[in-house]
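A quick write-up on the structure given underneath.
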Amino acid sequence: MRHVFRSGCMAVAVFTALAAVFGTASPAQASDPAASDLAAWQRTGQPDRLLVVRPGVVDLVRHGMLESRRISGMGVVPLSWLVRNTGSEWIGRPGGDLSVVQIRSAVLLSPGSGLRIGAVTRKVLFTAGDSTASATWIRGSRATLDIRDTTLAVTGSAGATRVRPYISMGAGGRLDITDSTVSGFGLTGRASSRFSGVTWGRGSTGSAVGARFEGNRTGLRLEGSTGVRLDKVTVEHSLQDGVVLSGDTKTSVAGLASRSSGRHGVVVGGTPDRTLSGITTEDSAGVGIRATPQNGLVLDGIQSRSDRGGGIRLLSCAECTVTGAAVRGTQVAVAVTGPGSRAVVKAPRLSGSRTGISLDEDIESATVTGGTVSGCQRGIAVAGPRVTVTGTRIESCLTGLSVNGKARHAALHEVRIDDCRTGMTTSATTTDVSLTGVQVTNTSGKGLVSASPGLRVTDGHVSGASTAIDLAAPALLDKVTITGAHRGIHLTPGVRATGTALDVLAERKGIEADRGAVIDITDSRVRAPLALGGAGRILRHGRTVVTLPPFPWLGAAAILALLTAIALQTVHQVRHRHTPRPQVPRHVRNTA
Amino acid sequence: MNGLFDGTLVNLRYYLVYLPLGVLGLVRWSCWLVRRAPAALYKPVQNDFRLPMSVVVPVYQEDPVIFARAIESWLANDVEEVILVIDATDRACQDIALRYPVSVVITDVPGKRDALVRGWEAARTDLVALVDSDTIWADDVAAEACKPFADPKIGGVGTRQNVYNPRGFLQRVNDMYLDYRYFDENAAQSVMGRAVSCLSGRTAVYRRELLLEISEDFMAETFMGVPCMSGDDKRLTTLILERGHLAFMQRSARVWSTFPGTLRIFLKQRLRWARNTWRSDLRALSRRWVWRHPFLAFTLIDKAVSSFTLLFAPVFMTLAVVRQDWFFVACLAAWWWISRAMKILPHLVRKPSSFFLVPGFVLLSFVMAVVKLCALATIRKQRWLTRQVSVENGVVVRTGNSRPLAVESEVGA
Chain A
7 MRHVFRSGCM AVAVFTALAA VFGTASPAQA SDPAASDLAA WQRTGQPDRL LVVRPGVVDL
67 VRHGMLESRR ISGMGVVPLS WLVRNTGSEW IGRPGGDLSV VQIRSAVLLS PGSGLRIGAV
127 TRKVLFTAGD STASATWIRG SRATLDIRDT TLAVTGSAGA TRVRPYISMG AGGRLDITDS
187 TVSGFGLTGR ASSRFSGVTW GRGSTGSAVG ARFEGNRTGL RLEGSTGVRL DKVTVEHSLQ
247 DGVVLSGDTK TSVAGLASRS SGRHGVVVGG TPDRTLSGIT TEDSAGVGIR ATPQNGLVLD
307 GIQSRSDRGG GIRLLSCAEC TVTGAAVRGT QVAVAVTGPG SRAVVKAPRL SGSRTGISLD
367 EDIESATVTG GTVSGCQRGI AVAGPRVTVT GTRIESCLTG LSVNGKARHA ALHEVRIDDC
427 RTGMTTSATT TDVSLTGVQV TNTSGKGLVS ASPGLRVTDG HVSGASTAID LAAPALLDKV
487 TITGAHRGIH LTPGVRATGT ALDVLAERKG IEADRGAVID ITDSRVRAPL ALGGAGRILR
547 HGRTVVTLPP FPWLGAAAIL ALLTAIALQT VHQVRHRHTP RPQVPRHVRN TA
Chain B
257 MNGLFDGTLV NLRYYLVYLP LGVLGLVRWS CWLVRRAPAA LYKPVQNDFR LPMSVVVPVY
317 QEDPVIFARA IESWLANDVE EVILVIDATD RACQDIALRY PVSVVITDVP GKRDALVRGW
377 EAARTDLVAL VDSDTIWADD VAAEACKPFA DPKIGGVGTR QNVYNPRGFL QRVNDMYLDY
437 RYFDENAAQS VMGRAVSCLS GRTAVYRREL LLEISEDFMA ETFMGVPCMS GDDKRLTTLI
497 LERGHLAFMQ RSARVWSTFP GTLRIFLKQR LRWARNTWRS DLRALSRRWV WRHPFLAFTL
557 IDKAVSSFTL LFAPVFMTLA VVRQDWFFVA CLAAWWWISR AMKILPHLVR KPSSFFLVPG
617 FVLLSFVMAV VKLCALATIR KQRWLTRQVS VENGVVVRTG NSRPLAVESE VGA
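Residue numbers (our numbering), protein chains in the order written: chain A, 7 to 598; chain B, 257 to 669.
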């Protein structure tokens, strides 16, 4: 008995599944097309005019009533067939132009049906509605919509109140846009995000190849789609986000450019372990690429220019990697923020931003390797825990690298900071900061300023600074070389530091310890006109040598040579002071 | 690897860049001071000694106005005779010569050397002044140039030259070069052994008996098998010194000469002079006589070496610009400006506004160094470059369209 019951249930399930796959209407609807159209009309927001495209049949529904039925006999209907068979009140050709079509009704593609736009029609004008009911759109599920070699635009009275068209493909459907332009689409206001322009909905697939999306609310949106291919796609002047990739799977991207978006250039989220490459964003009002909470995102070769809200922003992104990003002219070139963030930034090329890389307080960990950060107010700002920076070069910034906030266990290896005003700062709120092989050169201000208790500097090199190392907290310096600085090391009152194998060559002061400060130096060399100074204590151990700096013999010789030249000229002048001017013809003027 | 390279070099840069350049600069300055110190002690010879003097002038394609003014300036001096050896093709200068009380020798043999020989052979006085046809004398050149000849060892006397009414950058720079030469190199050579390396052909006075003695060697000069056409003044000076006589620069005898105002002619002239200098100096340094004048030998070597070392500085500058080491670039540029200004102080005292030309002067010096190296590479070439004559198959020939007219001799005024 139980076995029979199970078999019955399975048969019902199989029948239901087959009905879903082949789009078979329920017996009631199949027998009553008016009832089916009424249901569709109610489901789609009760539009004034609704064209329901079914396999072989097209129903013209006005205010929910089936006005007439056209037999197409085709699974996929060309737009030109609808023009010929529906009438200009539904779909027509304005002015008799064969290449232009104006759509005045909503179009619903029912399961199993299809619509093809293009080939003959070069421009399709969607009539903007005065209300939601009078708006035009194309929606479908388990249907196909193929748009090719055409331009989809909006026509009708302009104004803030007009309702803009949109295209939305739902579950099981396929939407392909090839070498076409879609402009001015997307419901505004509080309308569902599914109707924000061109949307591949959950379970849909398709492609956009060589397509442009201009002035849409959202340029294009992939929301739960699968296997959509984006190739040479340009999105411009979107009212909100340029591109939204949300919960989509198996999306392939090659050459996606988002420009002048009203909000973010590209928003990525909801899909774990995916790689995106070939994306360019420019002039967005928000962030170039914004990654919402997700795992395993890899952004490869992203380019961002002049995005006002930032270049790349990873929000609570776990195990995310940004590789070879090129960002310039923005607020924060690469930002890692939000609880649970664990990010790796590899070989970035960041320039001209307020902050190059910002690693916020609430992240879990972050790693930066290689790359260049230049022309920023702050090159790298480390505020979060467990941050490692290795082999990165920072150039021409106001502050090269800043460790602040809740940073702890920050490890900087082989970082090179050139031509900055201040090389590096560590604040008092940070702990366990270690620098290994860090080079700071040609800073106009201070090389390394530390208030971080327990700072460890190993194999460091600081050259060309007003003060090479300024310590306001205990620190351990090992094998640190200082050259060309006005002042080598300065300790603020009460600070205790230890130095081993230091080599300090300063133009004025070698080591200066303020009152109450103590520094132990072992096996070190300090060369400066005033090698050791200040009211604090500088304790020398081992083979520590304190001397004057090497005399600048060449400079002295040069000055001596110049003075000798002047002296010899003076001798000459004195010896020839009575020499008269020659008697010459008047036309000779060069006689002095 | 790059980090290692940078990290290592950041310490070695001082030793790899600054130190060699500094040491090189120190050596060059030391050499200059060795010249400058005796030059500062130079004084022209002052006495009442006087000998009769003839002026011999080879004339070819000269500017008529300058030529006339030059003749007038020579006649204003107390000279016995003025002998103009004019090329047969140059009717314009012949016509000008007819207006003055001068002797004219017409020659159809191209080349300055032959004209000079004809001139001093025609002269009748003890002293002969060999003068360029564009050179204007002060009123007392003849009297001043005679004074060093009170010493019987003196065989030739040079004068101080300047650019005749300099206009434009190149003529101003030429004036700077001339002052540098007569207040530095020639003055030092006059003080240290009275052996000037070159009595400039614009005006040089020799004992006629010596000129007659060296005529054959003068005309027969070859270098690496090629007869020499230009460089007559260096050759004459060398022959005088070689025979044990002395050459002195009398700075109180002042003359002015025209100089090219276009870069093309300027460079050609410099190339010709550089070739002459290389030929003469290399030959001199290979002979024993020059070592009897150690200071002269030193200056010849110094000048030869400086042609190469001068180019080190722009190489270092280029490297610094490539490395964007702007501090070094600024320091080196400032040093060039100041140090070169110090070296031409005698000129700057005379013309302070030239201080602003010093950067251009420095850059031109680098170009001149390249020209000198080009000259060394083409040392066997014999072309006047600024006139239509050259040596072809061992014979001086005209290279332009000018043809000789009928030869006249001793056409007196």
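All residues carry an ideal CB built from backbone N, CA and C; glycine is no exception. Keep in mind that this is a model prediction, so the values were computed, not measured.
Presumed contact (8 Å Cβ cut-off) between residue i and residue j, rounded CB distance
i        : j        : result
B:Val310 : B:Thr381 : Correcting the residue identity first, residue 310 of chain B is Ser in this sequence and not Val. Correct: roughly 4 Å between the Cβ atoms.
A:Asp424 : A:Lys452 : Rounded, the Cβ-Cβ distance is 15 Å, inconsistent with contact.
A:Gly397 : A:Asp368 : Actually they do not touch by this definition, with Cβ atoms about 26 Å apart.
A:Ala471 : A:Gly429 : 7 Å
B:Asp440 : B:Arg292 : 6 Å
A:Ser198 : A:Thr156 : Contact doesn't hold; Cβ gap of about 26 Å is too wide.
A:Leu404 : A:Val444 : The Cβ separation is near 18 Å, so there is no contact.
Identity of the residues DSSP links to residue i by a beta bridge
i        : result
A:Ile183 : A:Ile153, A:Ala214
A:Asp368 : Answer is none; A:Asp368 lacks a bridge partner.
B:Met475 : Partner(s): none; B:Met475 has no beta bridge.
A:Arg384 : A:Thr361, A:Thr405
A:Cys323 : A:Gln300
A:His419 : A:Thr396, A:Thr442
A:Gly546 : Sequence check: residue 546 of chain A is Arg here, not Gly. Answer by DSSP bridge pairing, in chain order: A:Ile527.
B:Gly412 : B:Tyr462, B:Ala503
B:Pro483 : B:Thr478
B:Ala371 : Bridge partners of B:Ala371: none, in fact.
A:Leu461 : A:Ala481
Reduced DSSP category for residue i - H, G, I as helix; E, B as strand; rest coil
i        : result
A:Ala523 : coil
A:Phe557 : coil
B:Val561 : helix
B:Ile327 : helix
A:Phe132 : strand
B:Ile352 : helix
A:Arg581 : helix
B:Thr363 : strand
A:Met430 : strand
A:Asp1   : For chain A, the structure presents residues 7 to 598; residue 1 of chain A sits outside this window and is missing.
A:Thr127 : coil
A:Arg587 : coil
B:His603 : helix
A:His593 : coil
B:Leu556 : helix
A:Arg90  : helix
A:Tyr172 : strand
A:Ala598 : coil
A:Arg49  : helix
B:Pro276 : helix
Closer than 9 Å at the beta carbon, the chain A residues around residue i
i        : result
B:Met355 : Checking the sequence, you will find Arg at residue 355 of chain B rather than Met. Residues of chain A passing the Cβ test: none, with the nearest at roughly 16 Å.
B:Ser329 : Val590, Pro591, Val594
B:Leu289 : Ala567, Thr570, Ala571, Leu574
B:Arg278 : As written in the sequence, residue 278 of chain B is Gly, which differs from the Arg given in the question. The answer, in chain order, is Trp559, Leu560, Gly561, Ala563, Ala564.
Proximal residues of chain B, C-beta to C-beta of residue i below 8 Å
i        : result
A:Arg592 : Near A:Arg592 there are no residues of chain B at all, since even the closest Cβ is about 10 Å away, more than 8 Å.
A:Arg595 : Asn421
A:Ala598 : Arg606, Lys607
A:Val577 : Ala296, Leu297
Chain B contact residues for residue i, given Cβ-Cβ distances below 7 Å
i        : result
A:Arg581 : Lys299
Interface partners of residue i on chain A, CB under 7 Å
i        : result
B:Trp285 : Ala567
B:Asn430 : Within 7 Å Cβ-Cβ: nothing; B:Asn430 doesn't reach chain A, min ~11 Å.
> Mind listing which residues of the stretch 551 to 573 of chain A have their C-beta closer than 8 Å to chain B's C-betas, in chain order?
Replying inline: The stretch 551 to 573 of chain A vs chain B, Cβ under 8 Å: Leu560, Ala563, Ala564, Ala567, Leu568, Thr570, Ala571, Ile572.
> For the stretch 384 to 397 of chain B, which residues have a beta carbon sitting closer than 7 Å to at least one beta carbon of chain A?
Replying inline: Residues Ile392, Ala394, Asp395, Asp396.
> Between the stretch 573 to 600 of chain B and chain A, which residues of the former have a C-beta closer than 8 Å to a C-beta of the latter?
Replying inline: Cβ contacts with chain A come from Trp591, Ile594, Ser595, Met598, Lys599.
> Listed in chain order, which residues of the stretch 403 to 420 of chain B have Cβ atoms closer than 8 Å to some Cβ of chain A?
Replying inline: Of all residues in the stretch 403 to 420 of chain B, the ones placed with a Cβ closer than 8 Å to any Cβ belonging to chain A are Asn418, Val419, Tyr420, in chain order.
> Listed from N- to C-terminal order along the chain, which residues in the stretch 504 to 520 of chain B have their beta-carbon within a distance smaller than 7 Å of any beta-carbon of chain A?
Replying inline: If the cut-off is 7 Å between Cβ atoms, the stretch 504 to 520 of chain B has Arg510, Trp512 near chain A.
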